[in-house]
Amino acid sequence: MARILIVEDDKLLNDGISIALKKCGHTVLSGYSYHEAFCLFLNNSFELILLDINLPDRSGLELCSEIRKKSDIPIIFITANDTEQDIVNGFVNGCDDYIAKPFSLEVMNRRIYAVLRRTRTEDKSIFRSGEISINYEKMMVVKGEVSLKLTATEYKLLTLLTQNSGQVLTRDIILQRLWDTDEAFVDENAVSVNMRRLRQKIEDDPKNPKYIKTVFGIGYTWGEESCR
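Spelled out as structure tokens, the structure:
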């Protein structure tokens, strides 16, 4: 499932799309204007954007173009602008697909699925596992709908575990990867402390972890099924 940003100023339509996407298991945030949506984009990690063209403050075409300067995130226009030139303009400004209103929710869901399937095959910068989503390019970690604030060491630990998902990492390997700025090893106690703090931030029950599993006498492994 994916984190999706809906940019649509019609609140009833925005709410309807949001409900439909949540029923499919997606996590959804909604924006109702250019500026609100751009702020949400800059401060969150999304895997797809549904974007109306006729926004109250500025054009969705401008927003698409501005986002394209910063990200290759999939963008699907959902709009009443349905002429051939409108559609061409959408693709010229960087969209991945174009859905003209009115549209069926089933068609929208199929288009979303197709775009996500294609981009997930191509994009290795997004890691998803259960409720955890990591955007390695932006160095952003999200659990459900909440952006997590990690220290540099916690983020490095999380990245090491998730990029080696399914493998057991010994304490020696973890120690070798965690150099400080003076090129001195982080001691074993610091690893244990940061691992405990990381669990407190990402686990529902840190004492019964779902994601970071301890392999007693050896080390740690990322235990939840993942995809990229």
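Numbered by the working numbering, the letters in the sequence shown go through residues 155 to 382 in order.
Glycine included, C-beta positions come from ideal geometry on N, C-alpha and C.
Would you kindly report the start and end of the unbroken beta strand (DSSP E) that includes residue i?
| i | result |
| --- | --- |
| Asn289 | 286-289 |
| Leu332 | Per DSSP, Leu332 belongs to no beta strand (DSSP E) and is neither H nor E. |
| Ile241 | Here Ile241 belongs to no beta strand (DSSP E); instead the alpha helix (DSSP H) covers 238-246. |
| Val369 | 366-369 |
| Tyr252 | 251-254 |
| Gly320 | Taken as a continuous stretch (DSSP letters only), Gly320 belongs to no beta strand (DSSP E), as it is neither H nor E. |
| Ile229 | 229-233 |
| Gly373 | 373-376 |
If you follow the alpha helix (DSSP H) that residue i is part of, which residue opens it and which one closes it?
| i | result |
| --- | --- |
| Thr313 | 306-316 |
| Ser199 | Ser199 -> no alpha helix (DSSP H), and no H or E assigned at all. |
| Lys177 | 165-177 |
Within the same chain, show all residues whose beta-carbon is closer than 7 Å to that of residue i, passing over the 5 residues directly before and after it, in chain order.
| i | result |
| --- | --- |
| Met293 | Tyr309 |
| Leu311 | Asn348, Met349, Leu352 |
| Asp336 | In this predicted model, Asp336 has a pLDDT of only 49, less than 50, meaning its place in the structure is not dependable; the value taken from the coordinates is given anyway. Answer for Asp336: no residue qualifies. |
Whose C-beta lies closer than 8 Å to the C-beta of residue i among residues of the same chain, with five residues either side of it excluded?
| i | result |
| --- | --- |
| Thr368 | Tyr374 |
| Cys178 | Met155, Asn263 |
| Thr313 | Ile288, Tyr290 |
| Ile327 | Gly373 |
With a cut-off of 8 Å on the beta carbons, I'd call residue i and residue j a contact; round off their distance for me.
| i | j | result |
| --- | --- | --- |
| Phe245 | Glu220 | Their Cβ separation, rounded to whole angstroms, is 16 Å, which puts Phe245 and Glu220 out of contact at 8 Å. |
| Leu204 | Ile173 | At roughly 13 Å, the Cβ-Cβ gap does not stay under 8 Å, so Leu204 and Ile173 are not in contact. |
| Ile384 | Ile356 | Within the shown structure, residues of the chain are numbered from 155 to 382, placing residue 384 beyond reach of any answer. |
| Ile458 | Ser184 | There is no way to answer for residue 458, as the model of the chain reaches only from 155 to 382. |
| Phe250 | Ile229 | Here residue 250 is Asp; the residue named in the question, Phe, does not match the sequence. 6 Å between Cβ atoms; contact. |
| Val296 | Arg325 | 28 Å between Cβ atoms; not a contact. |
Strictly by DSSP, which residues pair up with residue i?
| i | result |
| --- | --- |
| Ser213 | In the DSSP output, where bridge partners are listed per residue, Ser213 has none listed. |
| Lys297 | Ile286, Val300 |
| Gly185 | Val161 |
| Ile280 | Asn289 |
| Leu204 | Ile160, Ile230 |
Spatial neighbours of residue i within its chain, please: C-beta separation below 6 Å, excluding the five flanking residues on both sides.
| i | result |
| --- | --- |
| Tyr252 | Phe231, Ile241, Gly244 |
| Leu209 | Asp163, Ser187, Tyr188 |
| Leu323 | Gly373, Tyr374 |
| Thr181 | Arg157, Glu299 |
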